[in-house]
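Going from the sequence shown to my numbering is simple: count from 1 and add 193.
Where a beta carbon is used, it is the ideal one built from N, C-alpha and C, also for glycine.
Every value quoted in this text rests on a predicted model; they were computed, and no experiment measured them.
Shown next, in structure tokens, is the structure this report addresses.
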Amino acid sequence: MAGYKPVAIQTYPVLGEKITQDTLYWNNYKTPVQIKEFGAVSKVDFSPQLPYNYAVTASSRIHIYGRYSQEPVKTFSRFKDTAYCATFRQDGQLLVAGSEDGVVQLFDINGRAPLRQFEGHTKAVHTVDFTADNYHVVSGADDYTVKLWDIPNSKEILTFKEHSDYVRCGCASKLNPDLFVTGSYDHTVKIFDARTNKNVLCVEHGQPVESVLLFPSGGLLVSAGGRYVKVWDMLKGGQLLVSLKNHHKTVTCLCLSSSGQRLLSGSLDRKVKVYSTTSYKVVHSFDYAASILSLALSHQDETIVVGMTNGILSVKHRKSEAKKTSLPRRRRPAYRTFIKGKNYLKQRDDIMVSRPAKKHLEGYDKDLKSFRVSQALDRVLEPKCVIRTPEVTVSIIKELTRRCVLANALAGRDEKEVTRVLNFLIRNLSQPRFAPVLINAAEIIIDIYLPVIGQSSVVDKKFIVLQELVEKEIDYQRELLETLGMKDMLFATMTRNDSDPVPEHVPAELPEEKTESPTQPSDTDKNS
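Dropping the structure here:
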């Protein structure tokens, strides 16, 4: 067997996501740090000023974390019930939050007791924010009202009663101190002006609104509710620009990147989608372990914090671009040592002795060389090989089929080994690059183990899953064939129309008058 030829592993096109600049940018985060909170994390907000701490609202507490700390540096717990929507002021010195008992509280980040308490709502306050002048607070509650409060006087200035359901989200304009936006479960998003007693613009989202966001320029408004994220043009009277439906469950939070070029949305489907604000296409996606309730980005996108329903806070920090410290290198032989004799010319009486390179066989090649076909198949069905290099497993199955020993390799297996083979088939049978080889293997294993169906519930379930997969694939193929048939008919019709000459329009000609030849006599003359 000195002339054994190793199995040629067929190469296939690499499948996966396209590597773009966004992929490189958003994948450049370290392994997330997870912090356990006392309850579901309903809001995360970063301070706009150094050192860019962030406030986490969960249960009846508000924790202030440093950017790189895993323990809170400050805690506000003066709440009788659940706290909501802790938000920093633009100078980073004050913090405002709502609560389940309808009280809006204002805190100094250097103290513990509230500086102000605004009482006026009769139900839970779910959204609060500072206006652009930093002297007023906007709040929205489950009593269907939106209120504007004056911080120095601790008094209520205005009350708007234009929503017909819970007001669960809102934000204030960063440019105009009189404008603010609220979203409600009555499916509407309304823009209020403090100089009037009613809303100045109302747009219909179509779903209960969970989050709203104003672009820094104030020209665009984003609303999220249900599975939809909608972008509205404020300068055109609330015209709908685009409606995005990329999540499978309710979208709960929105966030803008520091440059304003990317829009992020979090959802109960455990995903965070990153959109381009020019094309509004998804350019990246993050996966998390639980449903997402809150999302925030720090200055220059250095940190991304996600709060989930199970009370877990996921914190990702961007990788630093620190220069690698050069270690002292051990002295190596000079370059001339390696090229010594390279240019030596063969003399007349010299004999060249070539040393053949020794070829090392892979484990499965050694098994095939010794006709151990079952062991070769077991070796390529190991989890490491199946997950990382499935093309190696398929190539070995193809080689066993060529040798007509695949049935021998699959026979005589116990429940665990049969389950491993079926798992591989279920995982890769629907892939077009592997289907021709694996369909044959599936037929063989069904023929071998059909008489023992019913003896193992685990194997029976795997066969049922394989059957459903094959039926689904057959349906796909049938739909594709129908589509191809329709396309062929359309192309044939277009070709026939192009090949038929178009009749030219010829104007009708008047019948020509018959003129008698002067040399031939007329009938009258003949009769006469």
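Exposed unless 16 or more other CB atoms sit within 10 angstroms - verdict on residue i
i: Gly459; result: buried
i: Pro345; result: exposed
i: Lys223; result: exposed
i: Cys362; result: buried
i: Glu709; result: Confidence at Glu709 is low in this model, with a pLDDT of 45, below 50, so the placement of that residue should be treated as unreliable; the coordinate-derived value is given next. With fewer than 16 other Cβ atoms within 10 Å, it is exposed.
i: Val444; result: buried
i: Thr412; result: It should be noted that the sequence gives Gly, not Thr, for residue 412. The residue is exposed, with fewer than 16 neighbouring Cβ atoms inside 10 Å.
i: Gln624; result: exposed
i: Val645; result: exposed
i: Cys597; result: exposed
i: Arg671; result: exposed
i: Lys464; result: buried
i: Leu447; result: buried
i: His553; result: exposed
i: Thr530; result: exposed
i: Thr324; result: buried
i: Gly291; result: buried
i: Lys551; result: exposed
i: Asp560; result: buried
i: Asn720; result: For Asn720, the pLDDT reaches just 45, beneath the cut-off of 50, and the residue's location in the model is therefore unreliable, although a value from the coordinates is still provided. When all chains shown are included, Asn720 counts as exposed.
i: Leu703; result: For Leu703, the predicted model reports a pLDDT of 47, less than 50, meaning its position is unreliable; a value from the coordinates is still stated below. Exposed, since its Cβ has fewer than 16 Cβ neighbours within 10 Å.
i: Lys655; result: buried
i: Leu217; result: exposed
i: Ile384; result: buried
i: Arg160; result: In the structure as shown, the chain begins at 194 and stops at 721. Residue 160 is therefore absent and cannot be evaluated.
Euclidean distance between Cα positions of residue i and residue j
i: Leu643; j: Ile485; result: 46 Å
i: Asp379; j: Leu662; result: 42 Å
i: Lys539; j: Leu618; result: 58 Å
i: Arg260; j: Tyr247; result: 7 Å
i: Lys562; j: Lys665; result: 39 Å
i: Ala527; j: Ile544; result: 29 Å
i: Ser451; j: Ser410; result: 13 Å
i: Arg525; j: Ala569; result: 43 Å
i: Lys273; j: Gly313; result: 16 Å
i: Leu351; j: Val424; result: 28 Å
i: Arg595; j: Ser649; result: 31 Å
i: Asp542; j: Ile532; result: 23 Å
i: Cys395; j: Val476; result: 30 Å
i: Val297; j: Val318; result: 7 Å
i: Leu288; j: Gln454; result: 28 Å
i: Gln310; j: Val249; result: 20 Å
i: Leu157; j: Ser347; result: Absent from the model: residue 157. The displayed extent of the chain is 194 to 721, so no value can be given.
i: Phe300; j: Leu434; result: 39 Å
i: Asn327; j: Arg271; result: 23 Å
i: Val579; j: Ala602; result: 17 Å
i: Gly746; j: Gly376; result: With the chain represented from 194 up to 721, any question about residue 746 goes unanswered, as that position is not in the structure.
i: Leu372; j: His329; result: 11 Å
i: Ser547; j: Tyr197; result: 21 Å
i: Ile212; j: Met682; result: 38 Å
i: Val573; j: Gly556; result: 9 Å
i: Val587; j: Pro265; result: 52 Å
i: Asn303; j: Gly399; result: 42 Å
i: Glu403; j: Tyr337; result: 15 Å
i: Arg511; j: Ser252; result: 29 Å
Distance cut-off 6 Å: residue i Cβ against heavy atoms of the ligand MN
i: Cys364; result: Inclusion of the ligand MN in the displayed structure is not the case, the ligand content being empty and no account of it being possible.
Whole-angstrom C-beta distance between residue j and residue i, which should lie under 8 Å
i: Pro241; j: Phe281; result: 6 Å
i: Val360; j: Val331; result: Contact flag wrong, Cβ pair sits at about 10 Å.
i: Val374; j: Leu407; result: 6 Å
i: Val651; j: Glu608; result: 6 Å
i: Val382; j: Leu414; result: 7 Å
i: Phe269; j: Ala489; result: Contact doesn't hold; Cβ gap of about 18 Å is too wide.
i: Val405; j: Cys364; result: 6 Å
i: Glu592; j: Val234; result: In fact, because the Cβ distance is near 53 Å, the residues do not count as touching under 8 Å.
i: Val237; j: Val498; result: 5 Å
i: Ile641; j: Ala604; result: 5 Å
i: Val658; j: Ile638; result: Incorrect: roughly 14 Å between the Cβ atoms, too far for contact.
i: Lys354; j: Ala334; result: Their Cβ separation, rounded to whole angstroms, is 11 Å, which puts Lys354 and Ala334 out of contact at 8 Å.
Test: residue i CB closer than 7 Å to a CB of chain C
i: Leu538; result: As a matter of chain content, chain C is missing from the structure shown, which is built from one protein chain.
query: Per the contact definition of three or more C-beta pairs closer than 8 Å, is the segment 224-242 in contact with the segment 488-503?
result: Touching, yes.
message: Quick check: the segment 454-471 against the segment 426-441, are at least 3 beta-carbon pairs closer than 8 Å?
response: Contact holds between the segment 426-441 and the segment 454-471, because three or more Cβ pairs, one in each stretch, are under 8 Å apart.
task: Identify every run of the beta strand (DSSP E) within the segment 307-378, keeping only runs that are complete inside it and at least 3 residues long; order them along the chain.
output: Counting only runs of 3 or more, we get 307-312, 318-323, 329-334, 339-343, 348-353, 360-365, 372-377.
field: Uninterrupted alpha helix (DSSP H) stretches inside the segment 237-298 (no shorter than 4 residues)
entry: Counting only runs of 4 or more, we get nothing.
Beta strand (DSSP E) runs wholly inside the segment 379-447, at least 3 long, in chain order: Annotation: the segment 379-447 contains the following complete segments of the beta strand (DSSP E) (minimum length 3 residues), in chain order: 381-386, 392-397, 404-407, 413-418, 421-426, 432-437.
query: Where in the segment 614-659 do unbroken runs of the beta strand (DSSP E), each at least 3 residues long, occur, reported from the N-terminal end onward?
result: The segment 614-659 contains no whole beta strand (DSSP E) run of 3 or more residues.
field: Every unbroken alpha helix (DSSP H) inside the segment 534-622 [4 residues or more]
entry: For the segment 534-622, whole alpha helix (DSSP H) runs of length 4 or above, ordered along the chain, are 556-562, 566-573, 576-581, 583-595, 599-603, 608-621.
message: Just to confirm the assignment: which complete beta strand (DSSP E) runs, minimum length 3, are found wholly within the segment 463-503?
response: Fully enclosed beta strand (DSSP E) runs of 3 or longer: 464-469, 475-480, 485-490, 496-501.
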